[in-house]
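Notes for the one structure printed next.
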Amino acid sequence: MANLLKNSGKSYNSRGKLKKEIPARKTRPPCGKKCRLKCSTKFDSADCQILFDAFWRLGDLQRQREYIVRHTHEIKPKYRYTCTEKYRALNTAFFLKKITHAFVFVKTFSRGYA
Numbered sequence: 003m004a005n006l007l008k009n010s011g012k013s014y015n016s017r018g019k020l021k022k023e024i025p026a027r028k029t030r031p032p033c034g035k036k037c038r039l040k041c042s043t044k045f046d047s048a049d050c051q052i053l054f055d056a057f058w059r060l061g062d063l064q065r066q067r068e069y070i071v072r073h074t075h076e077i078k079p080k081y082r083y084t085c086t087e088k089y090r091a092l093n094t095a096f097f098l099k100k101i102t103h104a105f106v107f108v109k110t111f112s113r114g115y116a
């Protein structure tokens with residue numbers, strides 16, 4: 003029961019001896035005015051709430067992970083230093099769609115949903 007409530011973003015009591023009450027998930031404030039991608043100007047609070055509800059309505063951890071993977075894309079840098087010792091993964095960007103356009107967002111914007 004607690005696992006189902008946790009995956010749907012609702013408040014629940016933790017498992018174990020303490021039975022601590024974990025509050026429900028809620029949207030976080032938008033990025034500040036200094037955000038280089040201007041996340042807060044692309045989506046208003048109503049759009050954010052729709053995305054938030056859609057994500058948590060999935061209710062299954064596997065489906066939520068698939069949602070995140072579906073909305074991330076690898077970014078290939080223009081130039082990359084080659085070093086034989088370290089192999090770093092490519093950068094990823096988080097994309098959210100609004101009607102017909104896909105917008106890039108910073109990780110802090112997406113953390114409010116996941």
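Residues 3 to 116 (the numbering used here) are what the sequence shown spells out, left to right. Note that the Cβ used here is the ideal one computed from N, Cα and C, for glycine as well. Predicted model only: the values in this text are computed from it and were never measured.
So the candidates are Lys22, Pro25, Phe45 and Arg27; which of them puts its Cα closest to the Cα of Cys33?
Cys33 has its Cα closest to that of Phe45, out of Lys22, Pro25, Phe45 and Arg27.
Quick one: any contact between the region 46-54 and the region 15-35, if contact means 3 or more CB pairs under 8 Å?
yes
With Phe96 as the anchor, note down where its alpha helix (DSSP H) starts and where it stops.
Run containing Phe96: none in the alpha helix (DSSP H); it sits in the beta strand (DSSP E), Asn93 to Lys100.
Cα separation between Val71 and Lys19?
35 Å
Close Cβ partners of Tyr14 (< 7 Å) along its chain, the five nearest in sequence each way excluded
Ala4, Leu7, Lys8 and Ile24
Assuming Leu92 and Ile77 form a contact by the criterion Cβ under 8 Å, report the distance between their Cβ atoms to the nearest whole angstrom.
7 Å
Top-ranked residue by Cα proximity to Phe96, from Gly11, Thr74 and Lys35
Across the set Gly11, Thr74 and Lys35, the C-alpha of Thr74 shows the shortest separation from the C-alpha of Phe96.
Taking all protein chains shown into account, do 16 or more other C-beta atoms lie within 10 angstroms of the C-beta of Gln64, making it buried, or fewer, making it exposed?
exposed
Looking at the secondary structure, which residues open and close the alpha helix (DSSP H) in which Thr43 lies?
Counting along the chain, the alpha helix (DSSP H) containing Thr43 begins and ends at Cys41 to Lys44.
Buried versus exposed, by CB contacts within 10 Å (16 or more), Tyr115
At Tyr115 the pLDDT is 49, less than 50, meaning the model places this residue with poor confidence; the figure from the coordinates comes in the next sentence. Result: buried.
Determine the DSSP secondary structure at Ser10, reduced to helix, strand or coil.
In the three-state reduction of the DSSP assignment, Ser10 falls in the coil class, being assigned neither a helical nor a strand state.
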